[in-house]
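Undergrad: Quick one: this structure, given as structure tokens, is what I'll be asking you about.
In the UniProt record's numbering, the protein residues as written are 1 to 417.
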């Protein structure tokens, strides 16, 4: 069985506690009912607690939770939160014995990784810390492999986060040995080998003539742009409705995979050998890591590399400390930014004194700024005129007016008949 779940807790012994997404409504209803039935503090008078006794616990957030006493003490008891998995020492004044809700089974499931043996036969402290940092409160995909011998035992599972196998990841980090792990080849790249055949794929493009929503993510010049297809909005009825839905799912999956990658980026080795068009992860100015590709080495001593962020189209020169190898699972998603040439206009004739774009001297800097103002942050639409030799499009504003007409009016461009 395969299902989505949220990891509520990772125990000190490496037990992974999950709450199936299908149980969330029931848990929220139960929590609401408990807050109504229990008010104020816990039991203030002396009480003789028993090991295994059911209770409700007043947590540090002042909410009441279902619990079970697992160890007795003079002033505080060890209590297990049966719907969340964590175990804490709780002062007796924050507990209340009750037989309410005992007919409802625990709503979180204790799990262990299937055919995964920790180094030393138990999860070391640093491994547990890694699991806690990686998984706590995150949504994951669970593949059930074996049921426990008794109802209170641990479910044996394969767990996937951001499309990556947790067993394979932990084995790569040398925290465990994963037997018969089918996902280990996905981590082969992390050892430093970069097969030449590894590359990004382009997204499927709409049929020429169809109008479709786009966002401009980067301008090279007024004529050359990078666009991102926006499947969340439909301007015209198209036959690709199912394709749009798949694209939405892919976008969500890519965002999720990148989020997980950012959490574990320190485990990815730095890039030491550079090839043109080689996929990689690059740290941007915001401190997050994004998909990119190597274009060239721009500086030596120290080495700095020209890269392009493939989901935006923008370029950057970065030191090698900001490049890391990219896991295989991030290559299955098509790039989000597509290079396109705009049709219907050409550079205006300028005086020699006009400031020009250094890498595209036929255009003035003023024309570039004017085009940026026309497209930046705006919802636009496009129609493909040609797919080869280069993708060529007409770009429209919301009122169906061609974007470049603004440059014509400002005499920064001429119509190209």
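Glycine is no exception: its CB is placed at the ideal position from the N, C-alpha and C atoms. Owing to the predicted nature of the structure, the values given are computational and were not obtained by experimental measurement.
Below 8 Å on the Cβ atoms is my guess for residue 49 versus residue 27; work out the distance and round it to an integer in Å.
TA: About 25 Å; that fails the 8 Å criterion.
Undergrad: Specify, as a first and last residue, the run of the alpha helix (DSSP H) that residue 393 falls within.
TA: Note, residue 393: premise wrong, no alpha helix (DSSP H); beta strand (DSSP E) at 392–396.
Undergrad: Measure the alpha-carbon distance for residue 303 versus residue 265 and round it to whole angstroms.
TA: Distance between the alpha carbons of residue 303 and residue 265 is about 21 Å.
Undergrad: Relative to the alpha-carbon of residue 347, which residue among 411, 294, 127, 203 has its alpha-carbon at the smallest distance?
TA: Among 411, 294, 127, 203, the Cα nearest to that of residue 347 belongs to 411.
Undergrad: Please state whether the Cβ-Cβ distance between residue 393 and residue 402 is less than 8 Å.
TA: No; because the gap between Cβ atoms is not below 8 Å, this pair is not in contact.
Undergrad: Smallest Cα separation from residue 331: which of 341, 360, 305, 292?
TA: Out of 341, 360, 305, 292, 292 has the C-alpha closest to the C-alpha of residue 331.
Undergrad: Which residue wins for smallest C-alpha separation from residue 370, given the options 223, 13, 160?
TA: Of 223, 13, 160, the residue nearest in Cα terms is 223.
Undergrad: To the nearest angstrom, how far is the alpha carbon of residue 158 from that of residue 115?
TA: Near 9 Å, if we compare the C-alpha coordinates of residue 115 and residue 158.
Undergrad: Does the beta carbon of residue 31 fall short of 7 Å from some heavy atom of the ligand ZN?
TA: The ligand content of the structure shown is nil, which means the ligand ZN is not present either.
Undergrad: I believe residue 30 touches residue 104 by the beta-carbon criterion, under 8 Å. Please report the beta-carbon distance rounded to the nearest angstrom.
TA: Sure, about 7 Å apart at Cβ, within 8 Å.
Undergrad: Quick one: residues in its chain with C-beta nearer than 8 Å to the C-beta of residue 75, no 5 flanking neighbours on either side, listed in chain order?
TA: Here the set comprises 91, 92.
Undergrad: Measure the Cβ-Cβ separation of residue 52 and residue 68 and say whether it is below 8 Å.
TA: Their beta carbons are under 8 Å apart, which means residue 52 touches residue 68 by this criterion.
Undergrad: Report, in whole angstroms, the separation of the C-beta atoms of residue 7 and residue 150, which I expect to be a contact under 8 Å.
TA: Between residue 150 and residue 7 the Cβ distance is about 23 Å, and since that is not below 8 Å, they are no contact.
Undergrad: Using beta-carbon positions only, say whether residue 305 and residue 275 come within less than 8 Å of one another.
TA: Not closer than 8 Å, so no.
Undergrad: Counting beta carbon pairs with one atom in the region 317–331 and one in the region 275–289, are three or more of them shorter than 8 Å?
TA: The region 275–289 vs the region 317–331: in contact.
Undergrad: Going by DSSP in three states, residue 92 sits in which element: helix, strand or coil?
TA: Residue 92 falls in the helix class under three-state DSSP.
Undergrad: Please classify residue 96 as buried or exposed, where buried requires at least 16 other C-beta atoms within 10 Å of its C-beta.
TA: With 16 or more Cβ atoms within 10 Å of its Cβ, residue 96 is classed as buried.
Undergrad: Quick check on the DSSP output: the beta strand (DSSP E) that includes residue 162 runs from which residue to which?
TA: Unbroken run through residue 162: none, as it is neither H nor E.
Undergrad: I think residue 313 touches residue 226, with their Cβ atoms under 8 Å apart; what is that distance to the nearest whole Å?
TA: Confirmed, Cβ separation roughly 3 Å.
Undergrad: According to DSSP, is residue 322 part of a helix, a strand, or is it coil?
TA: Residue 322: helix per DSSP, three-state reduction.
Undergrad: Tell me whether residue 101 sits in a helix, a strand or coil according to DSSP, three-state version.
TA: Note: residue 101 maps to coil in three-state DSSP.
Undergrad: Report the rounded CA-to-CA distance for residue 179 versus residue 117, giving the unit in angstroms.
TA: Approximately 8 Å between the Cα atoms of the pair.
Undergrad: What is the C-beta distance between residue 260 and residue 162, in whole angstroms, given that I count them as a contact (C-beta under 8 Å)?
TA: Going by Cβ atoms, the distance from residue 260 to residue 162 rounds to 3 Å, so yes, they are a contact pair.
Undergrad: For the putative contact between residue 383 and residue 213, defined by C-beta atoms under 8 Å, what is the C-beta separation to the nearest angstrom?
TA: Incorrect: roughly 11 Å between the Cβ atoms, too far for contact.
Undergrad: Just the Cα atoms here: how many angstroms apart are residue 5 and residue 388?
TA: Approximately 45 Å between the Cα atoms of the pair.
Undergrad: Tell me the DSSP secondary structure of residue 289 in three-state form.
TA: Note: residue 289 maps to strand in three-state DSSP.
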